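Each step along the sequence shown adds one to the number in this note's numbering, with nothing skipped, and position 25 is 37. Cβ atoms here follow ideal geometry from the backbone N, Cα and C, with glycine treated the same way. As the structure is a computational prediction, the values presented were derived from the model and not from experiment. Remarks on the structure that follows.
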Amino acid sequence: MSNIKNCARCGKMFNYIAGEVICDVCKKEIEEKFQEVKKYIQENPGSGLRQISEECDVATKQLKKWILEERLMFTENSPIQITCENCGARIQTGRLCAKCKATVTNALNDTVKQRQQALAAEIAKKQKPADPKSGMKFLKT
Ligand SMILES: [Zn+2]
Ligand SMILES: [Zn+2]
C-alpha cells in the first residue's frame with residue numbers, strides 16, 4: 013500500500029506516510045535548519061524575526077510555524093512578542109498562555125470525565141439492578 017506524492021518543498025516523488033507532504037531529505041534539512049535557528053536565537057536573544065530570517069536564511073513563515081509548534085522559545089528581552097490568542101498575555105511560545113491552556117485542558121478533561129461517568133453508570137445499571145448502597149453496607153459488616 014504505497015502512497016506516492018510530490019514533496020511540497022522540493023517536488024521530488026516520495027513514499028508518503030502521514031503528516032506534512034514533505035520528503036525525508038527535506039525533513040532532515042528542515043530539522044537541521046531548526047537546530048541552527050535555535051542556536052542563533054540562544055546566542056542572539058535580542059534579534060527579531062526578520063533578522064533571524066535573514067541571518068539563518070529561513071522564511072519567517074517557517075519561523076512562525078515553529079513558534080506555533082512551541083519549538084522556538086523567546087525570552088523576556090526578545091523583541092519578538094508572542095501573545096496568548098485567548099487573553100493576550102505575553103507568552104514565550106505557542107498560541108496560549110499556561111492559564112488558558114489549563115482551562116482548555118480542564119474543559120477537555122471534564123468532557124472525558126462526564127462521558128466516563130455516564131458509561132460507568134450505564135454499566136452499573138446493567139450489572140446491579142439492586143440498590144448499590146445496600147451492597148456497600150453488606151461489605152462493611
Ligand atoms: Zn523534498
Ligand atoms: Zn491566556
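Backbone CA spacing between residue i and residue j [nearest angstrom]
i      : j      : result
Val124 : Leu61  : 39 Å
Ala114 : Asn89  : 25 Å
Trp78  : Ala119 : 26 Å
Val70  : Cys96  : 25 Å
Ala154 : Pro91  : Outside the modelled stretch of the chain, which goes from 13 to 153, sits residue 154, for which no answer is possible.
Ser59  : Ile53  : 7 Å
Asn27  : Glu134 : 46 Å
Glu82  : Gly31  : 17 Å
Ile29  : Glu43  : 18 Å
Ser14  : Met25  : 12 Å
Gln129 : Lys137 : 12 Å
Glu48  : Gln139 : 60 Å
Ala132 : Gln126 : 10 Å
Thr117 : Gly106 : 15 Å
Cys68  : Ile16  : 31 Å
Glu55  : Thr72  : 19 Å
Lys76  : Val33  : 19 Å
Asp36  : Leu84  : 22 Å
Nearest candidate by alpha-carbon position, reference residue i, set the options
i      : options                        : result
Glu66  : Glu82, Lys45, Leu80, Ala20     : Lys45
Cys109 : Asp122, Gln93, Asn121          : Gln93
Glu41  : Ala132, Gln74, Arg127, Pro57   : Gln74
Lys39  : Arg21, Glu55, Gln63, Lys50     : Arg21
Asn98  : Gly106, Cys112, Asn121         : Cys112
Pro57  : Asn121, Val116, Gln104, Thr117 : Gln104
Lys51  : Val33, Asp122, Phe86           : Phe86
Any non-hydrogen atom of ligand 3 within 7 Å of residue i CB
i      : result
Gln126 : Looking at this structure, you won't find ligand 3 anywhere; what it does contain is ligand 1 and ligand 2.
So if I measure from each beta-carbon to every heavy atom of ligand 2 and keep distances below 5 Å, which residues remain? In chain order, the residues positioned with their C-beta nearer than 5 Å to some heavy atom of ligand 2 are Cys96, Asn98, Cys99, Ala101, Cys109, Cys112.
Below 6 Å from a heavy atom of ligand 1 - residues by beta-carbon: Every residue whose beta carbon comes nearer than 6 Å to a heavy atom of ligand 1 appears here in chain order: Cys19, Arg21, Cys22, Lys24, Ile34, Cys35, Val37, Cys38.
Counting only runs of 4+ residues fully inside the segment 104–131, write out the alpha helix (DSSP H) ranges in chain order. Whole alpha helix (DSSP H) segments, 4+ residues: zero.
Mind listing, in chain order, the continuous alpha helix (DSSP H) runs of no fewer than 4 residues lying wholly within the segment 61–109? Segments of the alpha helix (DSSP H) lying fully in the segment 61–109: 61–68, 72–80.
Please specify which runs of the alpha helix (DSSP H), each continuous and at least 4 residues long, are wholly inside the segment 15–68, giving them in chain order. Counting only runs that start and end inside the segment 15–68, the alpha helix (DSSP H) elements of at least 4 residues fall at 36–55, 61–68.
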